[in-house]
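Numbering (this note's numbering), first residue to last: 844 to 917.
Heads up: the structure comes next, in structure tokens.
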């Protein structure tokens with residue numbers, strides 16, 4: 844019986860959602876940053892952890908925009 848990556852409890856067929864190549868309990872598949880419940884395939888992944896696409900993944904790991912390339916003068 845597979846174990847949920849978040850809570851480490853057994854995941855039964857009737858309650859499982861598969862994402863990132865693992866079986867999760869539906870309420871356990873949450874964004875690592877904001878804790879929002881995610882849907883299978885409707886999110887991003889970084890280092891094997893789920894993140895909502897916007898705003899969390901984009902803010903943490905996406906391009907920082909033009910301002911990040913300008914050296915700070917302070």
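Glycine included, each C-beta is placed from N, C-alpha and C at the ideal position.
- Taking the Cβ atoms as the reference, residue 873 lies roughly 5 Å from residue 880, within the contact range of under 8 Å.
- Residue environment: residue 889 is assigned as exposed (fewer than 16 neighbouring CB atoms within 10 Å of its CB, all protein chains considered).
- Comparing C-alpha distances from residue 902 to each of 844, 877, 868 shows the shortest one belongs to 877.
- Shown here, residue 853 sits in a strand according to DSSP, grouped into three states.
- Rounded to whole angstroms, the separation of the alpha carbons of residue 892 and residue 854 is 18 Å.
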